[in-house]
Amino acid sequence: MYRLAATALLATVLVGAIPPPAAAERPSREARSGFQGGARSVPELLEQFLLALREKDRAALRKLRITETEYRRVILPGSVRPGEAPRNMAPDAVTFLWSSLDVKSGHRERALLAALGGRRLAVRDVSFARGEREYAGYKAYSQLELKLAADGGDEQTLELGSIAEVGGRLKFISYARE
Numbered sequence: 003m004y005r006l007a008a009t010a011l012l013a014t015v016l017v018g019a020i021p022p023p024a025a026a027e028r029p030s031r032e033a034r035s036g037f038q039g040g041a042r043s044v045p046e047l048l049e050q051f052l053l054a055l056r057e058k059d060r061a062a063l064r065k066l067r068i069t070e071t072e073y074r075r076v077i078l079p080g081s082v083r084p085g086e087a088p089r090n091m092a093p094d095a096v097t098f099l100w101s102s103l104d105v106k107s108g109h110r111e112r113a114l115l116a117a118l119g120g121r122r123l124a125v126r127d128v129s130f131a132r133g134e135r136e137y138a139g140y141k142a143y144s145q146l147e148l149k150l151a152a153d154g155g156d157e158q159t160l161e162l163g164s165i166a167e168v169g170g171r172l173k174f175i176s177y178a179r180e
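Residues 3 to 180 (this note's numbering) are what the sequence shown spells out, left to right.
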């Protein structure tokens with residue numbers, strides 16, 4: 003009897019009587035293949051970051067950070083231990099969390115451009131105050147600390163948020179500390 007029911011269900015799906023999942027239910031391209039854009043390594047991401055600052059290019063700086071879709075489809079549901087079920091939250095909570103992250107990071111982008119825009123900076127040291135951690139959906143490099151040298155020789159430490167790696171691509175989750 004179970005075999006008959008399963009066969010009937012399969013036949014119904016194959017002939018299209020049951021519609022395919024809605025776009026919101028299907029895994030996004032990011033979830034299937036990793037991030038779009040970003041970098042292939044932490045050094046490459048930092049090189050792109052410093053170039054965006056030097057060129058005072060806010061759009062380039064923004065492209066190095068996760069998108070709302072990447073947050074909703076990859077980061078938030080994948081922020082559980084490997085092997086655990088994806089996190090499922092109410093849509094209003096997800097909207098609030100994304101908005102908060104995006105606004106804080108946007109403010110930090112503007113502050114970084116105001117303070118460091120147009121300067122030639124070189125990375126002297128990279129560390130992550132909270133280290134590296136594997137999640138079900140991504141690998142996180144938490145609380146970036148950069149020691150930078152400016153073209154004039156002065157050094158400074160820059161504290162940033164975290165970086166995520168998905169499908170061999172890396173992007174900032176946020177420029178602001180969480």
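Where a beta carbon is used, it is the ideal one built from N, C-alpha and C, also for glycine.
The beta strand (DSSP E) spanning THR159 covers which residue range?
157-161
Inter-residue Cα distance where the pair is VAL105 and ARG64
12 angstroms
Apply the 10 Å Cβ neighbour rule to GLY155 and answer buried if 16 or more other Cβ atoms are within range, or exposed otherwise.
exposed
Best match in ALA54, LYS141, GLY170, ASP153 for proximity to VAL82 [C-alpha to C-alpha]
LYS141
Rounded distance between the beta-carbons of ARG135 and SER144, thought under 8 angstroms:
7 angstroms
Quick one: what does DSSP say LEU47 is sitting in, helix, strand or coil?
helix
Option in ARG74, LEU150, LEU66 with minimal Cα separation from ARG121
LEU150
Just checking, does the segment 84-96 make contact with the segment 158-178 on the three C-beta pairs under 8 angstroms criterion?
no
If we ignore side chains and look at the alpha-carbon of each, how far apart do LYS173 and PRO93 end up?
24 angstroms
Selected residue, minimal CA-CA separation from ALA152, among LEU99, SER101, ALA124, PHE98
ALA124
Using 10 angstroms around the beta-carbon of THR69, count the other beta-carbons present and answer buried if the total reaches 16, otherwise exposed.
buried
What is the DSSP secondary structure of LYS173, reduced to helix, strand or coil?
strand
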